[in-house]
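Listed in order, the protein sequences are those of chains A and B.
At position 62 of the first sequence the residue is numbered 62 (full-length UniProt numbering), and the sequence of numbers has no breaks.
At position 92 of the second sequence the residue is numbered 92 (full-length UniProt numbering), and the sequence of numbers has no breaks.
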Amino acid sequence: MNHYPEIWGRPRDDIYGPYNSSYLQTTGPKTYTQSPAVTGTSVIAVKFNGGVAIVADNLASYGSLARFTDVKRLRVFSDSAVIGFSGDVSDMQYIHRLLGSIDIRENYSTHGNMLNAKNLHTYLSKVLYKRRSEFNPLWNHLLVAGFDEDKNPFLSSADLLGTTYSAPHLATGFGAHLAIPILRRLFPEEKPLEEITKEHAEAALRECLKVLWYRDARSLDKYSMAVITAEGIELKEDQVIGAQSWAFAESIKGYGAQIN
Amino acid sequence: MTSIGTGYDLSNSVFSPDGRNFQVEYAAKAVENGGTAIGIRCEGGVVLAVEKIITSKLLKPDANKRIATVDRHVGIVSAGLVPDGRHFVSRARDEAASWRSVYKGPIPVSALSNRLGSYVQAYTLYSSVRPFGVTAIVGGWDSEAELAVDGQVGSGPKLGSGGKVDGAKAGGPGLYMIEPSGLYWGYHGAATGKGRQAAKAELEKLDLSSGNLSLIDAVKEAARIIYVAHEDSKDKEFELEMSWVSSLDGPTHGRHEEVPRQLLEEAEKAAKKALEGEDDDEEEEQEETKDSGNSGERMEE
Chain A
1 MNHYPEIWGR
11 PRDDIYGPYN
21 SSYLQTTGPK
31 TYTQSPAVTG
41 TSVIAVKFNG
51 GVAIVADNLA
61 SYGSLARFTD
71 VKRLRVFSDS
81 AVIGFSGDVS
91 DMQYIHRLLG
101 SIDIRENYST
111 HGNMLNAKNL
121 HTYLSKVLYK
131 RRSEFNPLWN
141 HLLVAGFDED
151 KNPFLSSADL
161 LGTTYSAPHL
171 ATGFGAHLAI
181 PILRRLFPEE
191 KPLEEITKEH
201 AEAALRECLK
211 VLWYRDARSL
221 DKYSMAVITA
231 EGIELKEDQV
241 IGAQSWAFAE
251 SIKGYGAQIN
Chain B
1 MTSIGTGYDL
11 SNSVFSPDGR
21 NFQVEYAAKA
31 VENGGTAIGI
41 RCEGGVVLAV
51 EKIITSKLLK
61 PDANKRIATV
71 DRHVGIVSAG
81 LVPDGRHFVS
91 RARDEAASWR
101 SVYKGPIPVS
111 ALSNRLGSYV
121 QAYTLYSSVR
131 PFGVTAIVGG
141 WDSEAELAVD
151 GQVGSGPKLG
161 SGGKVDGAKA
171 GGPGLYMIEP
181 SGLYWGYHGA
191 ATGKGRQAAK
201 AELEKLDLSS
211 GNLSLIDAVK
221 EAARIIYVAH
231 EDSKDKEFEL
241 EMSWVSSLDG
251 PTHGRHEEVP
261 RQLLEEAEKA
271 AKKALEGEDD
281 DEEEEQEETK
291 DSGNSGERME
301 E
């Protein structure tokens with residue numbers, strides 16, 4: 001016996017030779033995804049009188065490389081909800097397949113799939129929270145659009161931590177900084193939802209996308225828009241932002257190399 | 001049946017000296033007492049139908065379904081022990097989900113039947129289990145269009161997926177029947193349960209291999225055949241349950257669904273009428289033979 005408790009009970013070096021420490025872990029704790037790989041940027045959505053409109057561009061970036069330009073980031077779930085995904089695209093694939101299997105299982109009952117957008121949002125937020133609690137998050141920020149159980153338009157967000165929040169208009173990613181102020185100006189809190197038409201909502205979303213195309217270096221001018229109303233879901237996946245011009249850049253002073 | 005009573009029928013998986021497995025044959029007997037179940041495969045899809053004997057007036061009408069959906073495009077109906085049928089369906093759903101997790105698409109009806117056949121056959125091999133007391137009819141539609149891969153992100157290459165043979169026919173209806181032994185065949189029309197003999201005779205008359213029967217007509221024929229097959233146990237009341245799966249451009253868009261209420265009622269009405277018509281014909285014939293004077297023996301044959 002000696003005075004070094006950490007040595008007690010271990011094979012003695014003078015008899016067995018020193019322990020081969022290369023078997024010991026040298027790299028620190030076990031880790032999962034530390035950052036997303038292939039990512040989608042903002043998703044924006046607005047409630048209007050009788051429904052919800054949601055947009056996202058068709059780009060998946062690999063770092064700053066515009067890697068995939070025909071990516072569908074708006075996913076329809078069982079004709080009752082649309083989910084907009086920003087963040088990691090492979091995690092989006094995983095969630096989409098997960099939802100597909102849920103839809104199949106729900107349809108085994110006589111009543112069919114009765115899950116509405118609100119149910120779906122609750123479920124997804126719990127999936128996201130579980131994964132963040134395992135230190136293995138699904139690296140997404142989702143917007144879920146559709147109807148709740150009372151047939152009122154529903155729009156809510158869930159992020160990679162499982163945090164949820166709801167508002168009449170929502171945006172993820174860069175859109176949270178650039179689109180939300182525009183939407184707040186167009187649809188102030190005191191303006192009742194009944195006064196916002198589908199056309200207003202669509203036009204506002206297009207305006208936001210255009211601003212994002214100018215200011216977000218991970219955005220694309222090709223986008224998808226889904227409009228959810230009582231009649232059903234109208235999804236257009238090959239929309240284009242038109243009539244852009246960088247001409248205004250000529251008049252910007254104070255940045256970069258300037259002659260005068 | 002020399003081996004009966006000599007001990008070769010007491011344990012599963014044991015052959016008798018003349019090469020039979022009695023437990024499997026007894027399982028087949030259990031099926032023969034179940035309500036008739038049939039499947040009809042035609043160009044436009046598959047129809048499944050089952051005769052549900054009402055065992056108690058306290059049972060809720062139209063509840064207690066006997067036809068189950070597997071994935072989105074397959075339906076299974078079985079005759080025999082109902083709980084065995086439920087377990088069989090549960091296994092089918094697991095197989096379909098497992099196929100999806102590997103191949104990211106729906107399981108072909110033939111592949112599902114193959115896996116289920118293997119599963120049922122495994123229950124003939126061990127003394128610790130008994131064979132399935134069901135004969136199941138598996139009907140479904142394999143998509144004729146190129147399907148998107150589950151979770152697919154982009155639209156993929158413009159050419160579509162590789163490895164295709166030009167002009168090869170893809171997809172279509174599938175109908176298989178799996179017996180307690182694990183034996184399964186593909187069918188144009190399949191029948192099992194108590195009234196299978198009468199049902200098979202009716203199915204053969206339909207000339208299903210010619211491909212002339214429409215899906216709607218198949219629904220009506222299926223209803224009529226169940227009614228015909230029920231003739232022998234007329235004292236018991238029954239409920240007709242029917243489901244169908246059509247092509248992508250058909251009424252169910254490649255999905256397995258219950259036959260809509262209106263069409264079901266229409267088919268049942270036509271079935272009852274057809275039966276009444278037959279009875280009338282028989283009575284007329286009887287009268288005619290009586291008139292001709294030499295009745296008796298010939299009629300009883």
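For glycine and all other residues, C-beta sits at the position ideal for the given N, C-alpha and C.
Since we're looking at a predicted model, the values are computed, not measured.
Exercise. Since residue 284 of chain A meets chain B, which of its residues come closer than 7 Å, beta carbon to beta carbon?
Worked result: In the structure displayed, chain A extends from 1 to 260; residue 284 of chain A sits before or after that span and is not available.
For this session: Quick one: measure Cβ to Cβ for valine 46 of chain B and threonine 192 of chain B, integer angstroms, because I've assumed they're closer than 8 Å.
Result: Working through the second sequence from its first residue, we reach residue 46 of chain B at position 46. Working through the second sequence from its first residue, we reach residue 192 of chain B at position 192. Their Cβ separation, rounded to whole angstroms, is 15 Å, which puts valine 46 of chain B and threonine 192 of chain B out of contact at 8 Å.
For this session: Work out the CA separation of histidine 253 of chain B and glutamate 301 of chain B for me, nearest whole Å.
Result: Here residue 301 of chain B corresponds to residue number 301 of the second sequence, with the count starting at 1. Here residue 253 of chain B corresponds to residue number 253 of the second sequence, with the count starting at 1. Bear in mind that the predicted position of glutamate 301 of chain B carries a pLDDT of just 33, short of 50, making it too unreliable to give a figure here.
Exercise. Which term fits isoleucine 233 of chain A, buried or exposed, when burial requires 16 or more other beta carbons within 10 angstroms of its beta carbon?
Worked result: The sequence position of residue 233 of chain A within the first sequence is 233, counting from 1. Buried, by the Cβ-count rule.
Exercise. Secondary structure at serine 156 of chain A, three-state DSSP: helix, strand or coil?
Worked result: Sequence index remark: in the first sequence, residue 156 of chain A carries index 156 (1-based). Serine 156 of chain A: strand per DSSP, three-state reduction.
Problem set entry | Where aspartate 238 of chain A falls: helix, strand or coil (DSSP) | Counted from its first residue, the first sequence places residue 238 of chain A at position 238. Looking at aspartate 238 of chain A - three-state DSSP - the assignment turns out to be strand.
Exercise. Taking 9 Å as the CB-CB limit, is glutamine 239 of chain A close to chain B?
Worked result: Counting from one through the first sequence, the residue named residue 239 of chain A turns up at place 239. Not one chain B Cβ lies under 9 Å of glutamine 239 of chain A.
Exercise. Do alanine 199 of chain B and isoleucine 178 of chain B have their C-beta atoms closer together than 9 Å?
Worked result: For this step, residue 199 of chain B is matched to residue 199 along the second sequence. For this step, residue 178 of chain B is matched to residue 178 along the second sequence. Not closer than 9 Å, so no.
For this session: Give the DSSP bridge partners of aspartate 142 of chain B, in chain order.
Result: On the second sequence, residue 142 of chain B is found 142 positions in, with the first residue counted as 1. Answer is B:Gly172, bridged to aspartate 142 of chain B.
Problem set entry | Status (buried if at least 16 other CB within 10 Å, exposed otherwise) for tyrosine 19 of chain A | In the first sequence, counting from the first residue as 1, residue 19 of chain A sits at position 19. Flag for tyrosine 19 of chain A reads exposed.
For this session: May I ask you to report which of helix, strand or coil DSSP gives glycine 87 of chain B?
Result: The residue you call residue 87 of chain B lines up with position 87 of the second sequence. According to the sequence shown, residue 87 of chain B is histidine rather than glycine. Residue state, collapsed to three classes: helix.
Exercise. According to DSSP, which residues form a beta bridge with phenylalanine 48 of chain A?
Worked result: The sequence position of residue 48 of chain A within the first sequence is 48, counting from 1. Answer is A:Gly51, bridged to phenylalanine 48 of chain A.
Exercise. Along the chain, where does the beta strand (DSSP E) that runs through glycine 40 of chain A open and close?
Worked result: Numbered from its first residue, the first sequence carries residue 40 of chain A at position 40. Per DSSP, glycine 40 of chain A belongs to the beta strand (DSSP E) from 38–40.
Problem set entry | Cut-off 6 Å between Cβ atoms - residues of its own chain near proline 173 of chain B, not counting five sequence neighbours on either side | Position 173 of the second sequence, counting from 1, holds the residue named residue 173 of chain B. These residues qualify, in order along the chain: Arg41, Gly45, Val46, Trp141.
Problem set entry | Short CB-CB distance (under 9 Å) between phenylalanine 135 of chain A and chain B | In the first sequence, the residue the question calls residue 135 of chain A occupies position 135. So, not an interface residue.
Exercise. Leaving out the 5 sequence neighbours to the left and right, which residues in its chain are closer than 8 Å to arginine 10 of chain A when beta-carbon positions are compared?
Worked result: The residue labelled residue 10 of chain A in the question sits at position 10 within the first sequence. Taken in chain order, the residues that qualify are Tyr19.
Exercise. Where does the unbroken alpha helix (DSSP H) through glycine 175 of chain A begin, and where does it stop?
Worked result: By one-based count along the first sequence, residue 175 of chain A stands at place 175. Segment 175–186, the alpha helix (DSSP H) holding glycine 175 of chain A.
For this session: Tell me, to the nearest whole angstrom, how far the beta carbon of glycine 39 of chain B is from that of alanine 270 of chain B; I am working on the premise that it is less than 8 Å.
Result: For the purposes of this step, residue 39 of chain B is identified with residue 39 of the second sequence, where counting begins at 1. For the purposes of this step, residue 270 of chain B is identified with residue 270 of the second sequence, where counting begins at 1. That belief does not hold up - the Cβ atoms of glycine 39 of chain B and alanine 270 of chain B are roughly 19 Å apart, past 8 Å.
Problem set entry | Residue from A:Val43, A:Ala167, A:Gly28 whose Cα sits closest to the Cα of tyrosine 223 of chain A | For the purposes of this step, residue 223 of chain A is taken as residue 223 along the first sequence, with counting starting at 1. Ranking A:Val43, A:Ala167, A:Gly28 by Cα distance to tyrosine 223 of chain A puts A:Val43 first.
For this session: Could you tell me whether the Cβ atoms of tyrosine 176 of chain B and isoleucine 216 of chain B are closer together than 9 Å?
Result: Locating residue 176 of chain B in the second sequence gives position 176, counting from the first residue. Locating residue 216 of chain B in the second sequence gives position 216, counting from the first residue. Going by C-beta atoms, tyrosine 176 of chain B is not nearer than 9 Å to isoleucine 216 of chain B.
Problem set entry | Separation of glutamate 239 of chain B from aspartate 291 of chain B, as counted between CA atoms | Sequence index remark: in the second sequence, residue 291 of chain B carries index 291 (1-based). Sequence index remark: in the second sequence, residue 239 of chain B carries index 239 (1-based). Since pLDDT at aspartate 291 of chain B reaches only 47, below the 50 mark, its modelled position is unreliable, and the value read off the structure follows with that caveat. Answer to the nearest angstrom: the Cα atoms are 39 Å apart.
Problem set entry | Positions along the segment 129–155 of chain B whose CB lies within less than 7 Å of some CB in chain E | Among the protein chains of the structure shown, namely A and B, there is no chain E.
Exercise. Is the segment 20–32 of chain A touching the segment 119–127 of chain A, taking contact as three or more C-beta pairs under 8 Å?
Worked result: no
For this session: Can you give me the start and stop residues for the alpha helix (DSSP H) that methionine 92 of chain A sits inside?
Result: Here residue 92 of chain A corresponds to residue number 92 of the first sequence, with the count starting at 1. First-last of the alpha helix (DSSP H) with methionine 92 of chain A: 89–106.
Exercise. Roughly how many whole angstroms lie between the Cα atoms of methionine 114 of chain A and serine 80 of chain A?
Worked result: Against the first sequence, residue 114 of chain A aligns to sequence position 114. Against the first sequence, residue 80 of chain A aligns to sequence position 80. Approximately 9 Å between the Cα atoms of the pair.
Exercise. So the alpha helix (DSSP H) isoleucine 15 of chain A belongs to, where does it begin and stop?
Worked result: As a first step, residue 15 of chain A is located in the first sequence; it is residue number 15 there, counting from the start. Here the alpha helix (DSSP H) through isoleucine 15 of chain A covers 13–16.
Exercise. Taking DSSP as the reference, what is the three-state secondary structure of serine 295 of chain B?
Worked result: The sequence position of residue 295 of chain B within the second sequence is 295, counting from 1. Here serine 295 of chain B scores only 39 on pLDDT, less than 50, and its place in the model should not be relied on; the value that follows carries that caveat. Note: serine 295 of chain B maps to coil in three-state DSSP.
Exercise. Proline 251 of chain B and alanine 27 of chain B look like a contact to me (Cβ under 8 Å); what is the Cβ gap, rounded to whole Å?
Worked result: What you label residue 251 of chain B is simply residue 251 of the second sequence in a count that begins at 1. What you label residue 27 of chain B is simply residue 27 of the second sequence in a count that begins at 1. That belief does not hold up - the Cβ atoms of proline 251 of chain B and alanine 27 of chain B are roughly 36 Å apart, past 8 Å.
Exercise. What is the residue span of the beta strand (DSSP E) that tryptophan 213 of chain A lies within?
Worked result: What you label residue 213 of chain A is simply residue 213 of the first sequence in a count that begins at 1. Taken as a continuous stretch (DSSP letters only), tryptophan 213 of chain A belongs to no beta strand (DSSP E), being part of the alpha helix (DSSP H) at 198–215.
For this session: For arginine 261 of chain B, name the three-state secondary structure that DSSP assigns.
Result: Looking up residue 261 of chain B in the second sequence gives position 261. Here arginine 261 of chain B sits in helix by DSSP.
Problem set entry | Sequence-distant residues of the same chain with beta carbon closer than 8 Å to arginine 218 of chain A, five excluded per side | Walking along the first sequence from the start, residue 218 of chain A turns up at place 218. These residues qualify, in order along the chain: Thr39, Thr41, Leu59, Ser61, Ser64, Ala66, Phe174.
Exercise. Can you tell me whether isoleucine 107 of chain B is buried or exposed, with buried defined as 16 or more other CB within 10 angstroms of its CB?
Worked result: On the second sequence, residue 107 of chain B is found 107 positions in, with the first residue counted as 1. With 16 or more Cβ atoms within 10 Å of its Cβ, isoleucine 107 of chain B is classed as buried.
Exercise. So leucine 161 of chain A is in the alpha helix (DSSP H); what residue range does that whole segment cover?
Worked result: If you number the first sequence from 1, residue 161 of chain A lands on position 161. Where leucine 161 of chain A is concerned, there is no enclosing alpha helix (DSSP H), given that its DSSP letter is neither H nor E.
Exercise. Threonine 172 of chain A: buried (16+ other C-beta within 10 angstroms of its C-beta) or exposed?
Worked result: In the first sequence, counting from the first residue as 1, residue 172 of chain A sits at position 172. Flag for threonine 172 of chain A reads buried.
Exercise. If you follow the alpha helix (DSSP H) that glycine 117 of chain B is part of, which residue opens it and which one closes it?
Worked result: Here residue 117 of chain B refers to the residue found at position 117 when the second sequence is read from its first residue. Glycine 117 of chain B -> alpha helix (DSSP H) spans 109–122.
Exercise. Over what stretch of residues does the alpha helix (DSSP H) that includes asparagine 119 of chain A continue unbroken?
Worked result: Counted from its first residue, the first sequence places residue 119 of chain A at position 119. Note, asparagine 119 of chain A: alpha helix (DSSP H), 117–133.
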